[in-house]
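Residue numbers (the working numbering): 4 to 285. Beta carbons are placed, not taken as given, at the ideal position from N, Cα and C, and that holds for glycine.
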C-alpha cells in the first residue's frame with residue numbers, strides 16, 4: 004500500500020489529467036461551434052439554391068430533420084454541374100490550400116472540399132493600377148493572391164495591404180452582394196479565383212453524398228432504443244459512438260457552463276430531429 008504522500012501525488016496527477024482533458028474539450032467545443040455556424044450559413048445558401056432549382060420550390064433540407072424521400076434526382080442534377088479543373092504547380096496548390104486553411108471561413112471545411120476548391124481555382128492576372136475588386140460592383144468571386152501586392156480602400160481611404168497567400172472576397176462565395184471596398188493592384192499581380200457557383204456545386208455534391216451515405220447506413224442498421232423520463236442518452240465528455248433519431252417523445256439538450264453551475268437548456272428536440280451525427284463520421 005502506498006504512503007499518504009504517494010496517494011496525494013497520484014491524486015494531483017489525476018486532477019491535472021482531468022484539467023487538461025477539460026481544456027481539450029473546451030477547445031473542441033469552440034471549434035464545433037464555429038463549424039456549426041458555418042453549417043448554418045451554408046445551409047441557408049443550400050435552401051435558397053434548392054428553391055431556385057426546384058420546379059415546385061417546396062423541397063428544403065433542414066439540418067435537424069432527416070428526410071427519407073429519395074434524393075437520387077438531386078444527385079443526378081448536381082452531378083451534371085461541371086467543375087472545371089485548372090492545372091497548377093505543386094507550389095501553387097500548396098499556397099492556395101494554405102490560404103484556405105488559414106481563412107476563418109474556409110478553414111472549417113472538410114479536406115475533400117478544400118482540395119476541390121484548390122482544383123477549381125482558375126488563374127488570372129491584373130496589371131498595375133487596375134482594380135481586382137471595385138467598390139459597388141456585384142461580388143461573385145473569391146481570390147488567392149500568388150504574386151504581387153494590393154491595396155484595400157473604402158471611399159478613397161486606404162485601409163490595408165494584401166500580399167501573396169491570402170484569401171479575400173470570401174463572402175462572395177456565400178451570398179450575392181456588392182463590394183464595400185476597392186482592391187487595387189500596386190504592381191502586376193497573379194491571382195487564383197473561384198466563383199460562387201463552383202463553390203456551391205462543391206458544397207452541394209459533398210453534402211448530398213454525406214446525406215446519402217448516412218441514410219444508407221440508417222437503412223442497413225436501425226435498432227430502436229427506449230429511454231425513460233429523466234434518463235441520460237448522451238453525457239458531456241463521454242465518447243460519442245451512436246446516432247439517434249427521435250421517433251417519439253422529446254429530448255432536452257443541456258449544457259453546463261462550468262462544474263459549479265447548473266445545466267442550461269439549449270433546445271428541445273422532437274419527432275424527426277436527430278443528434279449524435281458526428282458518430283456517423285467515425
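Please classify residue i as buried or exposed, where buried requires at least 16 neighbouring CB atoms within 10 angstroms.
i, result
"residue 173", "buried"
"residue 201", "buried"
"residue 276", "buried"
"residue 114", "exposed"
"residue 230", "exposed"
"residue 203", "buried"
"residue 112", "buried"
"residue 21", "exposed"
"residue 10", "exposed"
Can you give the Cα-Cα distance for residue i and residue j, rounded to whole angstroms?
i, j, result
"residue 24", "residue 260", "16 Å"
"residue 93", "residue 268", "49 Å"
"residue 252", "residue 262", "29 Å"
"residue 144", "residue 16", "53 Å"
"residue 258", "residue 240", "11 Å"
"residue 19", "residue 102", "36 Å"
"residue 131", "residue 159", "17 Å"
"residue 255", "residue 271", "5 Å"
"residue 166", "residue 208", "32 Å"
"residue 265", "residue 106", "36 Å"
"residue 245", "residue 26", "24 Å"
"residue 235", "residue 28", "19 Å"
"residue 67", "residue 199", "With a pLDDT of 37 at residue 67, under the threshold of 50, the modelled position of this residue cannot be trusted; read the value that follows with caution. Going from the Cα of residue 67 to the Cα of residue 199 covers about 25 Å."
"residue 108", "residue 8", "50 Å"
Once the 5 residues before and after residue i are set aside, which same chain residues still bring their CB inside 6 Å of it?
i, result
"residue 123", "86, 197, 201"
"residue 278", "247"
"residue 186", "135, 136, 153, 155"
"residue 193", "128, 149, 150"
"residue 307", "This structure gives no information on residue 307, because the portion of the chain shown stretches from 4 to 285."
"residue 140", "182"
"residue 168", "98, 102"
What residue range does the beta strand (DSSP E) around residue i cover?
i, result
"residue 187", "185-188"
"residue 253", "No beta strand (DSSP E) contains residue 253, which DSSP labels as neither H nor E."
"residue 160", "160-165"
"residue 193", "192-198"
"residue 263", "Premise fails: residue 263 is in no beta strand (DSSP E) and is neither H nor E."
"residue 157", "153-157"
"residue 175", "No beta strand (DSSP E) holds residue 175; DSSP gives it neither H nor E."
"residue 144", "144-150"
"residue 136", "134-136"
For residue i, which residues in the same chain have their Cβ closer than 8 Å to its Cβ, ignoring the five residues on either side in sequence?
i, result
"residue 142", "136, 172, 174, 175, 179, 180, 181, 182"
"residue 164", "152, 153, 154, 155, 189"
"residue 250", "227, 274"
"residue 110", "103, 104"
Please list, in chain order, all residues of the same chain as residue i whose beta carbon is under 7 Å from its beta carbon, the five residues on each side excluded.
i, result
"residue 96", "121"
"residue 99", "121, 124, 147, 195"
"residue 14", "none"
"residue 161", "154"
Please report the residue range of the alpha helix (DSSP H) in which residue i lies.
i, result
"residue 95", "93-105"
"residue 120", "114-123"
With a threshold of 8 Å, are at least 3 pairs of Cβ atoms found where one atom belongs to the region 119-136 and the other to the region 176-185? Because the criterion of three Cβ pairs below 8 Å is met, the region 119-136 and the region 176-185 touch.
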